[in-house]
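Working notes for the structure below.
Residue numbers (the numbering used here), protein chains in the order written: chain A, 19 to 321; chain B, 3 to 389.
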């Protein structure tokens with residue numbers, strides 16, 4: 019006891035107050051965030067407020083007669099009971115498309131990062147190349163590819179994989195295929211960034227430590243690429259769930275997605291409160307799912 | 003080609019050798035030969051160092067033993083088993099990588115347990131604890147590699163390899179990233195662990211001092227071939243090539259013509275002065291050669307002074323440079339034939355210091371001299387002593 023008592027004062031003097039390593043923050047530092055804040059206020063906070071307000075308007079109004087603010091929370095209930103089908107369908111299509119993107123994108127990103135050597139940059143340009151044409155145009159060309167008299171349907175019919183009057187266009191398959199195609203680059207790029215960073219020597223170390231290439235992949239490559247998997251799936255899933263162009267061009271009105279519903283409520287039905295309520299619900303739903311997902315994946319640093 | 007084919011089949015002798023044996027191992031990358039026809043025997047339980055400058059093929063050799071590279075020709079056997087083409091994860095060999103290659107997503111415990119888990123060994127928890135105790139990291143088990151210092155990371159890398167009790171532990175410049183003081187401490191630590199566990203260590207390094215202090219046997223490698231192999235003091239005292247003479251420490255190499263050879267002594271004419279070299283330290287059959295002498299073996303004295311070195315006495319030097327380094331004084335002495343020789347004199351206090359411009363005589367005992375082949379480059383390895 020005496021010895022510990024004797025060393026105690028030494029230990030105390032050892033613990034010097036932590037030096038302030040942070041750079042001094044003058045008013046200049048705060049001035050720098052003003053443009054960002056202004057941008058957020060103008061393009062996020064104000065529209066968001068407007069959306070929340072709209073979702074609580076009296077539903078009996080119209081854009082001709084104007085809306086009254088009645089805090090009509092029942093809008094949400096109406097929206098949900100009328101459109102829970104498209105909402106669930108959107109989540110389902112989005113999830114399936116994200117899964118397809120993940121499988122295709124991982125293989126592609128892995129190949130580009132580790133296998134193509136000096137062709138790496140060219141391959142990356144090819145991944146981004148579709149962005150040089152418009153989203154709408156690319157989706158329209160899928161309409162031609164999957165058309166009833168197109169090559170794909172012909173081939174599948176010849177192989178008897180599709181019945182004589184079977185079709186691809188206007189099916190859930192076409193919608194999911196369109197979503198997968200359109201959002202694949204959003205999956206590939208973050209995955210590539212993550213996989214490309216992996217030190218090859220770690221994979222060598224795993225094989226030195228008795229892991230065959232399969233085990234080495236699951237124990238080393240995959241966990242190290244998780245940040246890319248998480249950001250890739252988020253960048254794919256979030257826009258895919260809310261997308262309405264693929265559904266409109268490649269699907270049928272019988273299998274509407276929530277994006278299509280919101281779009282038609284805003285522009286065709288002029289039912290602003292319901293459209294706003296649907297938008298809010300979609301947003302909150304996705305936010306909760308993302309939070310849960312990121313927490314689960316253990317990559318909080320992404321948020 | 004037929005020779006390659008012959009060496010490529012393990013002989014009966016190989017099957018009974020219990021250490022690590024390389025026979026005729028060649029590794030080419032395109033037209034470049036990183037390792038050429040390498041023969042190497044590393045006895046079980048030894049601490050073996052592969053020493054050489056960057057790009058000499060030592061790391062390639064190590065990677066072939068680990069299975070991370072496949073030899074272009076030749077065989078590698080370990081305890082009688084041919085492992086030339088075995089996958090890395092099937093070899094009883096583990097590596098401590100140069101940059102440690104610790105898994106950043108796993109904590110220290112999981113890093114160390116990695117090999118055992120892959121082999122589904124029982125009692126992992128206990129074994130990892132014991133190993134972490136050995137490298138004095140038991141309190142850091144739940145930290146990530148990035149939270150540790152360089153020396154601690156090095157010990158994790160060592161623990162992660164050692165815990166698998168490999169037949170051979172390969173160390174690829176494991177101390178290169180550490181500062182000098184920590185490096186010295188880790189050298190002693192590594193040597194202690196090797197003695198404790200009794201495994202075969204193959205240590206690759208470009209640091210000649212590190213190789214000499216740690217290893218039982220040192221192989222000096224240059225341009226893909228082994229220049230000389232042996233105990234550290236043998237290599238230092240009796241180098242067989244100019245590269246070894248210059249890479250391990252420093253040497254004065256003076257051209258001379260062979261005058262006579264007898265059973266135990268070779269006499270050479272060194273610019274008009276007769277010097278003798280023991281026959282066992284003569285490594286050339288030609289009529290000319292490089293007479294080599296280590297700077298600390300050369301004695302320096304006033305002209306005409308009787309120095310304690312009967313035999314090779316070289317008069318007529320002029321001091322051109324003096325560096326006082328504390329334990330010793332290093333002189334550069336210009337000889338009558340124009341060459342500058344290095345002389346290291348211990349500062350024992352018995353000898354006086356010489357100043358630049360003073361005339362001196364040099365002398366050395368014949369048994370310290372060595373004779374090398376004149377066709378070799380006298381400056382080989384001299385500029386590569388340290389990175």
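Cβ atoms here follow ideal geometry from the backbone N, Cα and C, with glycine treated the same way.
For residue 118 of chain A, no beta strand (DSSP E) encloses it; the enclosing alpha helix (DSSP H) starts and ends at 92 to 128. In the DSSP assignment, residue 248 of chain A falls outside any beta strand (DSSP E) and within the unbroken alpha helix (DSSP H) covering 240 to 260. For the options A:278, A:208, A:168, the alpha carbon positioned closest to that of residue 126 of chain A is the one of A:208.
Burial check for residue 218 of chain A: the Cβ neighbour count within 10 Å stays below 16, so the residue is exposed. Excluding its 5 nearest sequence neighbours in each direction, residue 360 of chain B has C-beta neighbours in its own chain below 8 Å: 320, 321, listed in chain order. Contacts with chain B (Cβ-Cβ distance below 9 Å) from the segment 222 to 248 of chain A involve 222, 223, 224, 225, 226, 227, 228, 229, 230, 231, 233, 234, 237, 238, 241, 242, 244, listed in chain order. Neighbours of residue 91 of chain B in chain A, taken as residues whose beta carbon is under 7 Å from its own, are 225, 228, 229, 230 in chain order. Secondary structure of residue 364 of chain B (DSSP, three-state): strand. DSSP places residue 113 of chain B outside any beta strand (DSSP E); the residue lies instead in the alpha helix (DSSP H), whose first and last residues are 110 to 120. For residue 164 of chain B, there are no neighbours in chain A by C-beta distance under 9 Å, as the nearest C-beta there is about 12 Å away. Where residue 230 of chain B is concerned, the enclosing beta strand (DSSP E) starts and stops at 227 to 232. Taking each of A:110, A:223, A:53, A:81 in turn and checking the Cα distance to residue 113 of chain B, the smallest one comes out for A:223.
For residue 219 of chain A, the chain B residues whose Cβ falls inside 8 Å of its Cβ are 99, 101, 103, in order along the chain.
Residue range 138 to 146 is occupied by the alpha helix (DSSP H) that includes residue 138 of chain A. Looking only at B:354, B:309, B:362, B:70, the smallest Cα-Cα distance to residue 318 of chain B is reached by B:362. A distance of 7 Å or more separates the beta carbons of residue 299 of chain A and residue 107 of chain A.
The beta-carbon separation of residue 228 of chain B and residue 220 of chain B, rounded to 10 Å, does not stay under the 8 Å limit for a contact.
Residue 271 of chain B and residue 40 of chain B have their C-alpha atoms spaced approximately 36 Å apart. Cβ-Cβ separation between residue 300 of chain B and residue 240 of chain B: approximately 17 Å, too far for a contact (criterion under 8 Å). Residues 127, 128, 131, 243 of the same chain have their beta carbon placed closer than 6 Å to that of residue 213 of chain A, with the five preceding and five following residues left out of the count. Annotation: the continuous alpha helix (DSSP H) that includes residue 233 of chain A extends over 231 to 234. Within 7 Å of the CB of residue 120 of chain B, the CB atoms of chain A belong to 227, 228, 229, 233, in sequence order along the chain.
Cβ neighbours of residue 145 of chain B within its own chain (closer than 8 Å, five residues either side excluded): 109, 110.
With a threshold of 7 Å between beta carbons, residue 107 of chain B makes contact with chain A.
Between the C-alpha atoms of residue 168 of chain A and residue 142 of chain A there is a straight-line separation of about 30 Å. Taking CB atoms only, residue 117 of chain B has a neighbour in chain A less than 7 Å away. The criterion of a C-beta distance shorter than 7 Å is satisfied by residue 255 of chain A and residue 112 of chain A. In chain order, 245, 248, 249 place their CB closer than 6 Å to the CB of residue 383 of chain B, counting only its own chain and leaving out the 5 sequence neighbours on each side.
Among the residues of chain A, those whose CB is under 7 Å from the CB of residue 68 of chain B are 226, following chain order. For residue 50 of chain B, the closest alpha carbon among the candidates B:291, B:171, B:158, B:259 is that of B:171. In this structure, DSSP gives residue 313 of chain A a helical state, which the three-state scheme calls helix.
Between residue 278 of chain A and residue 116 of chain A, the C-beta gap is not smaller than 7 Å, which leaves the two residues out of contact. Separation of residue 262 of chain B and residue 56 of chain B (C-alpha to C-alpha, rounded to the nearest whole angstrom) is 40 Å.
Secondary structure within the segment 278 to 360 of chain B: the beta strand (DSSP E) runs of 3 or more consecutive residues, fully enclosed, are 290 to 295, 301 to 303, 314 to 326, 330 to 336, 342 to 348 (chain order).
Annotation: Cβ neighbours of residue 96 of chain B in chain A (cutoff 8 Å, chain order): 226, 227. Using a C-beta cut-off of 8 Å, the segment 15 to 34 of chain B makes no contact with the segment 189 to 196 of chain B, since fewer than three inter-stretch Cβ pairs fall below that distance.
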